[in-house]
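Engineer: In full-length UniProt numbering, the protein residues as written are 1 to 361. Positions of the beta carbon are idealized from the N, C-alpha and C atoms, including for glycine. Can you read through this structure? Questions will come right after.
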């Protein structure tokens with residue numbers, strides 16, 4: 001039996017999203033039907049709407065979500081109806097070469113629901129990141145559901161489903177930030193601020209936030225930055241070096257995804273330091289660096305995809321830290337909105353007016 005629910009759909013490239021009624025099927029083998037309670041408005045959804053990821057329109061947007069499992073299909077044992085879960089887009093397979101080598105966070109064969117959600121006329125929808133959670137209910141692979149403590153509100157828990165996890169993971173999992181380290185974060189949007197919060201959790205001694213927006217730098221301080229640099233007013237590489245005794249930071253996290261900010265990150269790190277790229281570039285961008293500098297500076301140049309997270313390991317841990325008062329997830333929620341306000345939220349996000357708008361159903 002199909003469930004008819006309200007959902008936010010992007011029908012064509014660049015056009016405003018629409019609130020429509022869609023069909024969501026009952027879960028088949030290995031699938032779960034989730035009643036969505038909250039879903040963050042992420043830049044990735046805007047990229048889908050604007051055709052920056054693929055042209056598989058129409059898209060069912062939304063992916064940064066938490067909710068309650070309503071039903072499960074045959075063979076599902078990890079979650080049961082009534083479980084409070086965060087949705088993830090890295091449902092590891094357990095069988096690929098990465099999983100079999102004990103590195104499931106690199107899984108090369110992550111999976112989604114096999115059945116398709118559709119418009120009322122039968123047109124198949126492409127769910128954003130295999131989730132599609134700007135909807136009253138959504139159908140996902142059961143492995144995309146990570147059970148966490150229901151004491152956390154859905155509005156904050158769902159943020160771990162994408163941006164906040166990407167930033168925290170870039171610092172802790174990919175960058176390996178440790179006690180006493182110096183860290184610089186270039187770009188203080190949601191992901192960059194999460195990297196700052198993650199560096200603070202890991203015990204970094206010095207956390208330098210870099211952005212061109214003074215409002216964002218003020219928020220970065222609240223989340224753990226010890227120093228801020230407005231790169232419109234001064235050279236961030238020079239300031240980062242000065243603040244680290246002339247050496248550069250142990251870990252530099254680039255959360256913008258542009259060649260010019262990546263070069264800043266590269267030259268702002270200490271010798272044998274680590275650069276982590278977590279900002280998402282566009283397909284047309286290229287990077288040019290002197291190969292001798294790449295060789296001579298040593299260290300590591302890494303990319304962080306979803307913060308190299310393992311949802312089953314990381315989501316419950318971070319929710320526990322939140323409930324203990326050690327991770328301020330509430331600080332990431334700028335506003336809560338209704339399902340029909342997503343297009344307005346895109347505009348506010350584009351203009352840097354919010355850290356995260358969260359749809360609460």
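Could you name each continuous beta strand (DSSP E) segment of 3 residues or more that falls completely within the stretch 183-239, going from the start of the chain to the end?
Structural biologist: Entirely contained in the stretch 183-239, the beta strand (DSSP E) runs reaching 3 residues are, in chain order, 206-211, 227-230.
Engineer: First and last residue of the alpha helix (DSSP H) that includes residue 312?
Structural biologist: Unbroken alpha helix (DSSP H) run through residue 312: 311-323.
Engineer: Do you know how far the Cα of residue 228 is from the Cα of residue 215?
Structural biologist: Residue 215 and residue 228: Cα-Cα distance of roughly 11 Å.
Engineer: Within the stretch 135-176, note down every full beta strand (DSSP E) run reaching 3 residues or more, in order along the chain.
Structural biologist: Within the stretch 135-176, the complete beta strand (DSSP E) runs of at least 3 residues are 137-141, 145-147.
Engineer: Would you list the residues sitting across from residue 4 in a DSSP beta bridge?
Structural biologist: Paired residue(s): 23.
Engineer: As a quick exercise: from 144, 159, 128, 155, pick the residue whose alpha carbon is nearest that of residue 361.
Structural biologist: Checked all of 144, 159, 128, 155; the closest Cα to residue 361 is 155.
Engineer: In the DSSP assignment, find the beta strand (DSSP E) that holds residue 302 and state where it starts and stops.
Structural biologist: Run containing residue 302: 300-303, per the beta strand (DSSP E) assignment.
Engineer: Taking DSSP as the reference, what is the three-state secondary structure of residue 347?
Structural biologist: Of the three classes helix, strand and coil, the one that applies to residue 347 here is helix, per DSSP.
Engineer: Please return the same chain residues whose Cβ sits closer than 6 Å to the Cβ of residue 144, not counting the five positions on each side in sequence.
Structural biologist: Closer than 6 Å at Cβ, skipping near neighbours: 87, 88, 91.
Engineer: Just the Cα atoms here: how many angstroms apart are residue 344 and residue 125?
Structural biologist: Roughly 22 Å between the two C-alpha positions.
Engineer: Tell whether a beta-carbon distance below 8 Å holds between residue 209 and residue 185.
Structural biologist: It is a contact, given that the beta carbons lie within the stated cut-off.
Engineer: Quick one: grab the DSSP three-state call for residue 294.
Structural biologist: Residue 294 falls in the helix class under three-state DSSP.
Engineer: Take the Cβ of residue 287 as the centre, count every other Cβ of all protein chains shown within 10 Å, and call the residue buried at 16 or more, exposed below.
Structural biologist: Classification of residue 287: exposed, given that the 10 Å Cβ count is below 16.
Engineer: Alpha carbon to alpha carbon, what distance is there between residue 33 and residue 69?
Structural biologist: Whole-angstrom Cα-Cα distance: 6 Å.
Engineer: Could you tell me how far apart the beta carbons of residue 79 and residue 85 are, in whole angstroms, since I believe they sit closer than 8 Å?
Structural biologist: With 8 Å as the limit, residue 79 and residue 85 qualify as a contact, their Cβ atoms being about 6 Å apart.
Engineer: So, with DSSP's three-state summary, where would you put residue 448?
Structural biologist: This structure leaves residue 448 out entirely; the chain is present only between 1 and 361.
Engineer: Do you know whose CA, among 26, 148, 260, lies nearest residue 113's CA?
Structural biologist: Among 26, 148, 260, the Cα nearest to that of residue 113 belongs to 26.
Engineer: Tell whether a beta-carbon distance below 8 Å holds between residue 309 and residue 165.
Structural biologist: Cβ atoms of residue 309 and residue 165: closer than 8 Å.
Engineer: Under the rule that 16 or more other beta-carbon atoms within 10 Å means buried, what is residue 182, buried or exposed?
Structural biologist: Residue 182 is buried by the Cβ-count criterion.
Engineer: What do you get for residue 222, buried or exposed, if any count of 16 or more other CB atoms within 10 angstroms of its CB means buried?
Structural biologist: Under this definition residue 222 is an exposed residue.
Engineer: Using the rule of at least 16 other Cβ atoms within 10 Å of the residue's Cβ for burial, across every protein chain shown, is residue 279 buried or exposed?
Structural biologist: The residue in question, residue 279, is buried, as its Cβ has 16 or more Cβ neighbours within 10 Å.
Engineer: Residue 287 lies in the beta strand (DSSP E); which residues open and close that run?
Structural biologist: Residue 287 -> no beta strand (DSSP E), and no H or E assigned at all.
Engineer: Tell me which same chain residues have a C-beta within less than 6 Å of the C-beta of residue 207, skipping the five on either side of it?
Structural biologist: The answer, listed in chain order, is 183, 196, 199, 224, 225, 226.
Engineer: If you draw a straight line from the alpha carbon of residue 203 to that of residue 175, how long is it in whole angstroms?
Structural biologist: Whole-angstrom Cα-Cα distance: 13 Å.
Engineer: Since residue 98 is in the alpha helix (DSSP H), which residue starts that stretch and which ends it?
Structural biologist: First-last of the alpha helix (DSSP H) with residue 98: 97-100.
Engineer: By how many angstroms is the C-alpha of residue 151 removed from the C-alpha of residue 362?
Structural biologist: No answer is possible for residue 362: the residues shown for the chain start at 1 and end at 361.
Engineer: By the three-class DSSP mapping on this structure, what secondary structure does residue 342 have?
Structural biologist: Note: residue 342 maps to helix in three-state DSSP.
Engineer: Between residue 358 and residue 342, how many whole angstroms is the CB-CB distance? I'm expecting something under 8 Å.
Structural biologist: Actually they do not touch by this definition, with Cβ atoms about 11 Å apart.
Engineer: Return the CA-CA distance between residue 141 and residue 273, expressed in angstroms with no decimal places.
Structural biologist: About 39 Å.
Engineer: How would you label residue 137, buried or exposed, when you count the other beta carbons within 10 angstroms and need 16 or more for buried?
Structural biologist: When all chains shown are included, residue 137 counts as buried.
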